[in-house]
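The structure under discussion appears below in the form of structure tokens.
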Amino acid sequence: MKVILLQDVKSVGKKGDLINASEGYAKNFLLPRKLAVEATKSNLNDYELKQKSEEKRKKEELDHARTIAEALKEQVVTIKVKTGGNGKLFGSVTNKEVADAIVEQTKQDIDKKKVSIGDPIKMLGERTATIKIHPKVTAEVTVKIVEA
């Protein structure tokens, strides 16, 4: 019996998969617990429409991420900080401060969790920050730390 899974079922399949389950398993386990629906013509049609809309949404997300990456490409973000002697900072510059500076200076909405600078910045100078905009798209921004 062909069924479309409505939820992930361990060792059977993931949500949205079209599987061929034994009649007893489908009628006694999957269907009563609302883990799956029978693959009738109308359900298959709905399934295909959902698949197409999901693909379209993912493609639009990827295109949007690429647009943001192009806007951030070769950007230089300047952060002014207080320093002591020898160009050392009081404290350090973290991912959050870099993300806030990127949002402020480039007007792109970037989450602090998506910004990676490695170790916190403790000296004046330039560093490269990697921004993971989408699982398939990353951008690099130069962060320039200057004395206030």
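Residues in the sequence shown are numbered consecutively from 130, following the numbering used here.
Quick reminder that beta carbons are idealized off the backbone N, C-alpha and C, glycines included.
In this text, all values refer to a predicted model and were calculated from it rather than measured experimentally.
- In the DSSP secondary-structure assignment, N172 is not bridged to any residue.
- For G254, the secondary structure class from DSSP, reduced to helix, strand or coil, is strand.
- Taking a C-beta distance under 7 Å as the contact criterion, E276 and T212 qualify as a contact pair.
- Under DSSP, I133 forms a beta bridge with L147 and V166.
- In the DSSP assignment, T212 forms a beta bridge with L218.
- Contact between the stretch 172-179 and the stretch 234-246 is absent: fewer than three C-beta pairs spanning the two stretches fall below 8 Å.
- In the three-state reduction of the DSSP assignment, T223 falls in the coil class, being assigned neither a helical nor a strand state.
- Taking every protein chain shown into account, the CB of V272 has 16 or more other CB atoms within 10 angstroms, so this residue is buried.
- Only buried fits V132, as 16 or more other CB atoms lie within 10 angstroms of its CB.
- Straight through space, the alpha carbons of T257 and K217 are spaced by roughly 18 Å.
- In the DSSP assignment, H263 is bridged to V266.
- Taking all protein chains in view, the Cβ of A200 is surrounded by fewer than 16 other Cβ atoms within 10 Å, so the residue is classified as exposed.
- Cβ-Cβ separation between T235 and Q204: approximately 6 Å, consistent with a contact (criterion under 8 Å).
- The three-state reading of DSSP puts S140 in coil, since its state is none of H, G, I, E or B.
- For K273, the beta-bridge partners assigned by DSSP are T207 and E255.
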